[in-house]
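Colleague: Going down the list, the protein sequences come from chains A and B.
Quick note on numbering: the first sequence equals residues 1 to 463 in the working numbering.
Quick note on numbering: the second sequence equals residues 464 to 668 in the working numbering.
For glycine and all other residues, C-beta sits at the position ideal for the given N, C-alpha and C.
Every value quoted in this text rests on a predicted model; they were computed, and no experiment measured them.
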Amino acid sequence: MANTLFDKIWDKHVVQTVEDGPTQLYIDRLYCHEVTTPQAFDTLRDKGIKVFRPDHIFAMPDHNTPSDQQEVINDPIGRKQVETLKKNCEEFGITHFTMGTKDNGIIHVVGPEKGLSLPGMTIVCGDSHTSTHGAVGALAMGIGTSEVAEVLASQTILQSKPKSMRINIEGELQPGVTAKDVALYIMAQMTTSGATGYVVEYAGSVIRNMSMEGRLTLSNLSIEMGSRAGIIAPDETTFAYLKGREYAPKGEAWDKAVEEWKKLKSDDNAVFDKEVTYNAADIAPRITYGTNPGAGIAIDGNIPTLESIPEAERAGFLSQLEYMQFNPGEKLEGHPVDYVFLGACTNGRIEDFRAFASIVKGKKKADNVVAWLVPGSWLVRKQIVEEGIDKILEEAGFELRLPSCSSCLAMNPDKVPAGKLSISTSNRNFVGRQGPGARTVLCSPLVAAASAITGVITDPRKL
Amino acid sequence: MKAKFNIIQSTCIPIEIDNCNTDLIIPARYLASTTRDPKFFGDAFMHDLRYDANDKPVADFVLNQPDFSEAPREGVHEIIIGGQNWGSGSSREHAAWAIAGYGVRVVISSSFADIHRNNLLNCFVLPVIVSKEFQTDLFATVKANPKAEVKVDVPNQTVTNLSTGKSEKFDINAYKKYCLMNALDDIDFLLENKDKIEAWEQKNA
Ligand code: SF4
């Protein structure tokens, strides 16, 4: 029988299927961060059990980490959470990448760049953006805290098998259009629940030509259309990215692994439960106007008019615009911006900083804009400095901050004040996501950079 | 906290918000906690819609309306009727803890985000998926009569709008049903299956 890539990884990891119930799935990697794990470790203590396979598990704090200094977390509750993770890791024998050290960063940036996330693996983490790791050809899913406890205790979870969907993007992306724009475009087409119940595989010429960083951005955003995971078949781009990474196999083991990884693709005649194809030529730089990531438009487009919205959805549409202080039919290009955020597990990688720098080089940051430029990991930060990107940013009036989730969610000091408009490369424009009352417009690093220079929402193609 | 499921008959809380994400169900600042206290999370349930910036109750939000403000107890407000795509966004199980901590035992919607649905089940809150028509009908019923009751029969997998008599079957796999009806955790099941896990590891070493 012809199988999808998802089938192949799933089938290999089946420990057993419970009669008329879920499948017990073996997990190759569990990642832990400070927010969704304390109660899971407590469950183990309650039951008096140990972690079953500590060598399969890696932990690091990222959500509470401040981006201005990392000696101390001033908020006592956040500090306790970060300390609790460290203590739990010591007690249960789990590798922990301590805040402020060279190994630390956002899990979804660190996992792939350290070669911890590898093709064919099953990967879970108590975090919805675990979908990111699917870009290396792994089945990577976000889980809840009870399930984290299950994996700690047994290295397995119980899951019902999702359906499969393939999204093809064919053609060639136009200049100024990035992986982020592709994702925002797909979401607007599919809505934020369009892929609920599915595992998505991304395919087509755009994906084949996409860099590893771009693929990680795309897979990262899979969850924003409800998808359980977003997989991309590993190829030479994947292998070149992973080769030599700290935890990737070395020498003969590497060659053997690559031989196996080359088999990780959907069979030619594999049938998906759903298949859609989009044309790259239709995709422009994108921005969002509402309070879910699917509420987006081309940067030079207009917010939909009220008449164009189905009647049943109008109340919801209007309440989103009321929060955002925008009007139906309004053009957002040229709209003043207060904050600019480059970073998060969506766009906190080296390529994102290169893209941002390519726009701001030789120009000056607008005075009315507060900009947070936050690398996704210490490794990314090191690379930024090695490539001299920090100098370009500095000359343009920007400051490079320390690795953290930062302004992606309001759990650390980088909060956008109420009412302020933030143009952000993160993944969620929810009500209050960047701080109570904060208004978020999602975009690519290029749009963020162009807007940071002009102080208004700006199409990078026109700068 | 874990009560066995059988038949739940109760009045409902209508939360008519589509795409109600887990950031709304519990705001990020409550995530920094390391506690498991149900009251802590129950108090934070929908906090930023329930209370304004000065911590004053927002009068027109459903949980503050006299008809729906009474805290859940047996037969009263044990059921939430939610908008479609309930629980999208962040995987935070804190959202399920908030719902459970508030005292709710069943959430009815036409669709749930996958991770949140699993989280609810793991927290002994039953997510019930109904048709769009049934959901629209339920909202109308409860708006017309806040005392209207809904019956969720877990053994027979049916949900009934007792005002209209309309009833639907809902899906739940036999394993999970057994767990809910007997108040059993997945983790206990997994721990009983260590031999199978080790066998898998040996085969794939
Ligand atoms: S950067 Fe944002 S989305 Fe990514 S893990 Fe951190 S908080 Fe979550």
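Any idea what DSSP makes of D616 of chain B, helix, strand or coil?
Modeller: Three-state result, D616 of chain B: strand.
Colleague: Just tell me which of A:P234, A:I223, A:L242 has its CA closest to the CA of K263 of chain A.
Modeller: Among A:P234, A:I223, A:L242, the Cα nearest to that of K263 of chain A is on A:P234.
Colleague: Report all residues from its chain with a CB closer than 6 Å to the CB of I465 of chain A; omit the five preceding and five following residues, and keep chain order.
Modeller: Summary: the structure shown does not reach residue 465 of chain A, with chain A confined to residues 1 through 463, and so no result is reported for it.
Colleague: May I ask you to report which of helix, strand or coil DSSP gives T474 of chain B?
Modeller: Residue state, collapsed to three classes: strand.
Colleague: When you compare each of A:H13, A:S164, A:F6, A:P436 to Q430 of chain B by their alpha carbons, which one comes out closest?
Modeller: With chain B running from 464 to 668 in the structure shown, residue 430 of chain B is simply not present.
Colleague: Check for me: the alpha helix (DSSP H) holding A507 of chain B runs from which residue to which?
Modeller: Run containing A507 of chain B: 501–507, per the alpha helix (DSSP H) assignment.
Colleague: Using DSSP with H/G/I as helix, E/B as strand and the rest coil, what is P175 of chain A?
Modeller: DSSP places P175 of chain A in coil when its eight states are reduced to three.
Colleague: Would you say D518 of chain B reaches chain A, if we count a Cβ-Cβ gap shorter than 8 Å as a contact?
Modeller: So no, D518 of chain B is outside the interface.
Colleague: Return yes when the Cβ of H33 of chain A is within less than 8 Å of the Cβ of I94 of chain A, no when it is not.
Modeller: The answer is no: Cβ separation not under 8 Å.
Colleague: Name the residue from A:T425, A:P403, A:V447, A:K331 whose alpha carbon lies nearest to the alpha carbon of N64 of chain A.
Modeller: Checking every option, the nearest Cα to that of N64 of chain A belongs to A:P403.
Colleague: Please determine whether the Cβ atom of S426 of chain A lies at a distance below 7 Å from any heavy atom of ligand 1.
Modeller: Checking the Cβ of S426 of chain A against ligand 1 gives yes.
Colleague: Compare the C-beta of T497 of chain B against all C-beta atoms of chain A and say whether one is closer than 8 Å.
Modeller: It does; some Cβ of chain A falls within 8 Å.
Colleague: What residue range is occupied by the uninterrupted beta strand (DSSP E) comprising Q16 of chain A?
Modeller: Taken as a continuous stretch (DSSP letters only), the beta strand (DSSP E) holding Q16 of chain A covers 14–17.
Colleague: Buried or exposed, going by whether 16 or more other CB atoms sit within 10 Å of the CB of M225 of chain A?
Modeller: Counting Cβ neighbours within 10 Å, M225 of chain A comes out buried, since at least 16 surround it.
Colleague: Below 8 Å between beta carbons is the criterion; list the residues of the segment 401–413 of chain A that meet it against any residue of chain B, in chain order.
Modeller: Residues L409, A410, M411.
Colleague: Looking at ligand 1, does it come within less than 7 Å of C443 of chain A, judged from the CB to the closest heavy atom?
Modeller: Not so, every heavy atom of ligand 1 lies at least 7 Å from the Cβ.
Colleague: My assumption, with CB atoms under 8 Å, is that A452 of chain A sits in contact with A344 of chain A. Please give the rounded CB distance.
Modeller: About 16 Å separates the two Cβ atoms, so there is no contact after all.
Colleague: Tell me the rounded alpha-carbon separation between E399 of chain A and A371 of chain A.
Modeller: About 8 Å.
Colleague: Quick one: what's got a C-beta closer than 6 Å to S626 of chain B's C-beta in the same chain, skipping five residues either side?
Modeller: Within the same chain, S626 of chain B has close Cβ partners T604, A611.
Colleague: If you measure beta-carbon to beta-carbon, which residues of the segment 120–140 of chain A are closer than 9 Å to chain B?
Modeller: Per Cβ criterion, the list reads C125, G126, D127, S128, H129, T130.
Colleague: In chain A, which residues lie with their C-beta within 8 Å of the C-beta of P477 of chain B?
Modeller: By Cβ distance, chain A contributes nothing, its closest Cβ being about 14 Å from P477 of chain B, past 8 Å.
Colleague: Along chain B, in chain order, which residues have C-beta atoms closer than 7 Å to that of N64 of chain A?
Modeller: Per Cβ cutoff of 7 Å: A495.
Colleague: Leaving out five residues on either side along the sequence, give the residues of the same chain with a beta carbon under 8 Å from the beta carbon of L463 of chain A.
Modeller: Closer than 8 Å at Cβ, skipping near neighbours: I359, A450, I453, T454.
Colleague: In whole angstroms, what is the alpha-carbon distance linking G176 of chain A and T130 of chain A?
Modeller: So the two alpha carbons sit approximately 27 Å from each other.
Colleague: Can you name the residues of chain B whose CB is closer than 7 Å to the CB of N292 of chain A?
Modeller: In chain order: N482.
Colleague: How is the beta strand (DSSP E) around P590 of chain B delimited, first residue to last?
Modeller: Unbroken beta strand (DSSP E) run through P590 of chain B: 589–592.
Colleague: Please list the residues of the segment 310–322 of chain A that have a C-beta atom closer than 7 Å to any C-beta atom in chain B, keeping them in chain order.
Modeller: Answer in chain order: G316.
Colleague: Taking C-beta pairs closer than 7 Å, name the residues in chain A that N645 of chain B reaches, listed in chain order.
Modeller: In chain order: nothing, as chain A lies at least about 14 Å away.
Colleague: Residues of chain B with CB under 7 Å from G78 of chain A, in chain order?
Modeller: Near G78 of chain A (Cβ distances below 7 Å), the residues of chain B are A495.
Colleague: Going by the DSSP bridge assignment, what does R166 of chain A pair with across the sheet?
Modeller: According to DSSP, R166 of chain A bridges with A:E201, A:E275.
Colleague: Check the C-beta distance from M121 of chain A over to D28 of chain A and give it rounded, since I have them as a contact under 8 Å.
Modeller: At roughly 4 Å, the Cβ-Cβ gap stays under 8 Å, so M121 of chain A and D28 of chain A are in contact.
Colleague: Taking beta-carbon pairs under 7 Å, can you tell me which members of the segment 423–446 of chain A lie near chain B?
Modeller: Per Cβ criterion, the list reads R428, F430, V431, G432, R433, P436.
Colleague: Could you tell me whether the segment 590–605 of chain B touches the segment 471–487 of chain B, using the rule of 3 or more Cβ pairs below 8 Å?
Modeller: The segment 590–605 of chain B is in contact with the segment 471–487 of chain B.
Colleague: Under the three-state reduction of DSSP, which class applies to K331 of chain A: helix, strand or coil?
Modeller: Three-state result, K331 of chain A: strand.
Colleague: Is any non-hydrogen atom of ligand 1 found closer than 7 Å to the C-beta of H557 of chain B, if you look at the structure I gave you?
Modeller: Not so, every heavy atom of ligand 1 lies at least 7 Å from the Cβ.
Colleague: Going by CA-CA distance only, name the one from B:E537, B:R536, B:D515, B:G538 that's closest to N527 of chain B.
Modeller: That would be B:D515, whose Cα lies nearest to the Cα of N527 of chain B.
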